[in-house]
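Read top to bottom, the protein sequences are chains Y and X. As numbered in the working numbering, residues 425 to 874 make up the first sequence, in order. As numbered in the working numbering, residues -10 to 48 make up the second sequence, in order. Cβ atoms here follow ideal geometry from the backbone N, Cα and C, with glycine treated the same way. What follows is a short report on a single structure.
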Amino acid sequence: MTALHTLGVAEVAALVQQRELSPVEVVTACLTRLEALEPTLQAWVTVDRHGALAAAKRCEQAMQQGGRSGALAGVPVGLKDIIYTAGLRTAAGSRVYANFVPTYDATVTVRLQQAGAIILGKTVTTEFATADPSPTRNPWNTEHTPGGSSSGSAAAVAARMIPAALGSQTGGSTLRPASYCGIVGLKPTYGRISRYGVIPVSWCLDHVGILVRSVQDAALVLQAIAGHDLHDTSSLSQPVGNYSLAVQQADTPPRLGVLPDFFRDHADAETQQHTAATVERLARAGASVREVSLPPSYATVLAAHRILMKVEAAAFHADMFRTQREQYGPRLRETIEMGLVIPAVDYLRAQRLRRLFQQEIPQMFHDVDILVTPSTPTPAPRDLGTTGDARFQSPWTHAGVPTITLPTGLSQAGMPLGLQLIAPALEEERLLRAARWCEVTLNVTLAPPL
Amino acid sequence: MAGERTAAEMLETLAAQARLLWGEADAERQRPALSQTAEEIAIVAQATVPADLEPKFFA
Chain Y
425 MTALHTLGVA
435 EVAALVQQRE
445 LSPVEVVTAC
455 LTRLEALEPT
465 LQAWVTVDRH
475 GALAAAKRCE
485 QAMQQGGRSG
495 ALAGVPVGLK
505 DIIYTAGLRT
515 AAGSRVYANF
525 VPTYDATVTV
535 RLQQAGAIIL
545 GKTVTTEFAT
555 ADPSPTRNPW
565 NTEHTPGGSS
575 SGSAAAVAAR
585 MIPAALGSQT
595 GGSTLRPASY
605 CGIVGLKPTY
615 GRISRYGVIP
625 VSWCLDHVGI
635 LVRSVQDAAL
645 VLQAIAGHDL
655 HDTSSLSQPV
665 GNYSLAVQQA
675 DTPPRLGVLP
685 DFFRDHADAE
695 TQQHTAATVE
705 RLARAGASVR
715 EVSLPPSYAT
725 VLAAHRILMK
735 VEAAAFHADM
745 FRTQREQYGP
755 RLRETIEMGL
765 VIPAVDYLRA
775 QRLRRLFQQE
785 IPQMFHDVDI
795 LVTPSTPTPA
805 PRDLGTTGDA
815 RFQSPWTHAG
825 VPTITLPTGL
835 SQAGMPLGLQ
845 LIAPALEEER
855 LLRAARWCEV
865 TLNVTLAPPL
Chain X
-10 MAGERTAAEM
0 LETLAAQARL
10 LWGEADAERQ
20 RPALSQTAEE
30 IAIVAQATVP
40 ADLEPKFFA
C-alpha cells in the first residue's frame, strides 16, 4: 500500500471524498514524516500538531454526517511564515516580527480552510522573504541550498512531509526553490491570488505561489484560492478560469517558444544541454518549437526590478528600520538602505519601463503558445550562504505573467533541474494545459533519497 | 535630465544621500551596494521611455 505521506493533493482529496481515507490518518502520517525529517531539513517554524489534528477530526466528522466537503477536504498544507494565521505566530523569519501573532487570517488562509485543507503549520521563510538564507536544507543534499525565499515550503513538499504548500514570489521565490528541490512551482498572474494578510516585500511585485508535486495538484490548489478579494487593492476582478478542467484537456501539443541569448548565455553548460535535450523530447512528441526574441525593453528589466524591490521594501520597513536597524540581517539591511536613497524619479522611471515591458510581452506570443526557459541558470548551488540566482524568474515576476516550473531530471551531481513555462497575463489555463502536456510527455517525478 | 546621468555621477548622488542618512562610516561600508544601485539607476535612466507612458503600479 502507498505510504500516506507520499500522496499528492488530488489523490488525498479523491480518497477523502470517496470515504476511503480518513483526514486524521493522512494528517497523522504527514506529521510523523515531518517530525522524522525536520531535525535534518529544518523546513518548519511552527508545527500546529494540535490544531491540525483537531481540524482533521472536524473534517472527518462533517463528512461522516454527510456534510458537503470542499475540493481540498483533508489535504494537509503548509503556509510560508509570512502568511497571516489568526492566533498562530507569523514571524517572517525575522527578529523584528519574532513574537507577532496576527489577529486575522490572510485571504489565502481562509480560502484554503473553506476548501477543507488542513493547515499543518508555518514553513520557514528567509527573513521577510528576501535574500538572507534560512536554515532550511535541500532534501536532495543537505549541503546545497533549497533556494529561497520559500525555502521551507519547497523542502517540505519535496520531502513528502506535505502534498502542498504556499509560498510567495517577488523575484524568484517560488519557482527557484521548487526547481532546486525537484517539485512543481506555480506563480499565477499578478493579482490572481489575493495578497491580503501576506507580509509584503514589494506591493507591486509580490505574488502568492503554489508548491506541489504535480501540475494537476497546482491546478487544484489554484482553483481553491484564486479570485477577487475586496481587501486587496491589486486583486483582479476578471473571472477565475476552470483550471482543473484545463489539465484534463492537455492532449494537444503546445507551440513552444525558446528564448536564446539571455537564458542560454546565463545557464551553465549542463543546464543548457539538459534544457535542449528536454525541449528536443517535447518536439519529438509533437510540440512545435521556434526561437523567440526578447523585446527591446528587456535590457532594462533586471535593473528596473531591483529598483522597485529596493524602494518598496524600504517603504514598508522604514519605520521599523529606524528603531530596530540592528535586528535586520545584512542583505535585507542593505536592500532597505539602498531603497531609502534611490530618488523617487528613478523609481517612477523603473515603473514606467516595467509597463513598457508588459506592453511588449504579447508580441513574443504571436506564433507560440508558451515560452520555455531553464527554470534556473544552474542546479541548487552547494552553498548554504546563498539562496541562488533569481535572474530566470525575475523578468516574469516583474511583468506579472503566469509561470510554472516542472522537474525534468537530475544533474550529474544528483540535484534537480527544471523547465520554466511562461504564458501571457491571465492565461493560467493555457499555462496549466501546456505544463500538463509536458509533464505527461516527459514523465519525470523526482523523489529525494531520504 | 535622467538620460544624461552616468553611473559615476549617480554614485556620488547616492553616496551623498547615504552620508546624510547614516554618516560617513556607514556610507563607506555601503559603497559596493551604492555602486551596484547606481549602475541599475544608470541603466534605467539611459533607456528611452515614451513621453506619454504613465507608470502602472498594479494590474
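- By the 16-neighbour rule on beta-carbons within 10 angstroms, Val735(Y) is buried.
- The residues Ile794, Val825, Pro826, Arg854, Leu855, in chain order, have a CB closer than 7 Å to that of Ala847(Y) in the same chain once the five nearest residues on each side in sequence are set aside.
- Remark: C-beta atoms of Val608(Y) and Val639(Y) approach each other more closely than 8 Å.
- According to the DSSP secondary-structure assignment, Gly545(Y) is paired through a beta bridge with Val471(Y), Gly502(Y).
- The beta carbons of Thr811(Y) and Thr426(Y) sit no closer together than 8 Å.
- Straight across, the Cα-Cα distance linking Leu669(Y) with Glu704(Y) is about 27 Å.
- A straight line joining the alpha-carbon of Arg806(Y) with that of Gln662(Y) spans about 42 Å.
- Judged by DSSP in its simplified three-state form, Lys45(X) adopts coil rather than helix or strand.
- In this structure, DSSP gives Gly753(Y) a state outside helix and strand, which the three-state scheme calls coil.
- Residue Val765(Y) holds the alpha-carbon nearest to the alpha-carbon of Ala22(X) among Gln751(Y), Ala737(Y), Val765(Y).
- Taking 8 Å as the threshold, the shortest C-beta distance from Thr26(X) to chain Y falls below it.
- Counting only the Cα atoms, Val682(Y) lies some 15 Å from Arg708(Y).
- Taking 8 Å as the cut-off, the Cβ atoms of His729(Y) and Ser835(Y) do not count as close.
- Its chain contains Lys504, Gly591, Ser597, Thr598, Pro601 as the residues whose beta carbon lies nearer than 6 Å to that of Ser574(Y), once the 5 sequence neighbours on both sides are disregarded; these appear in chain order.
- Going by DSSP, Thr554(Y) is part of no beta strand (DSSP E) at all; its letter is neither H nor E.
- As the crow flies, the alpha-carbon of Ala738(Y) is around 11 Å from that of Ile731(Y).
- Contact with chain X is absent for Val532(Y), since none of that chain's Cβ atoms lies less than 8 Å from the residue's Cβ.
- Contacts with chain Y at 8 Å (Cβ-Cβ) do not include Ala14(X).
- Using a Cβ distance threshold of 8 Å, Val671(Y) and Ile617(Y) do not count as a contacting pair.
- The beta carbons of Pro563(Y) and Ala582(Y) sit closer together than 8 Å.
- With a threshold of 8 Å between beta carbons, Ile731(Y) makes contact with chain X.
- Excluding the 5 residues flanking it on each side, Ser721(Y) has same chain C-beta neighbours closer than 7 Å at Leu777, Leu780, Phe781, Glu784, in chain order.
- Collapsing the DSSP output to three states places Ile794(Y) in a strand.
- In the structure shown, Gly710(Y) falls within a coil segment according to DSSP collapsed to helix, strand and coil.
- The beta carbons of Lys546(Y) and Trp468(Y) sit closer together than 8 Å.
- Chain-order list of chain Y residues neighbouring Glu43(X): Arg776, Arg779, by C-beta distance under 8 Å.
- Assigned with DSSP and collapsed to three states, His631(Y) falls in strand.
- Of all residues in the stretch 639 to 658 of chain Y, only Thr657, Ser658 come within less than 9 Å of chain X when Cβ atoms are compared, listed by chain position.
- Listed in chain order, the non-local C-beta contacts of Leu874(Y) below 7 Å within the same chain comprise Leu461, Pro563, Ala583, local neighbours out to five positions each way being set aside.
- CA-CA distance, Ala693(Y) to His822(Y), rounds to 26 Å.
- Within the stretch 797 to 842 of chain Y, the runs of alpha helix (DSSP H) at least 4 residues long that lie entirely inside it are, in chain order, 818 to 823.
- Among the bridge pairs identified by DSSP, Asn562(Y) is matched with Asn565(Y).
- For Leu512(Y), DSSP records a beta bridge to Thr509(Y).
- The beta-carbon separation of His568(Y) and Ala804(Y), rounded to 4 Å, stays under the 8 Å limit for a contact.
- Contact check for Gly502(Y) and Ser577(Y): beta-carbon distance about 6 Å, within the 8 Å limit, so the pair qualifies.
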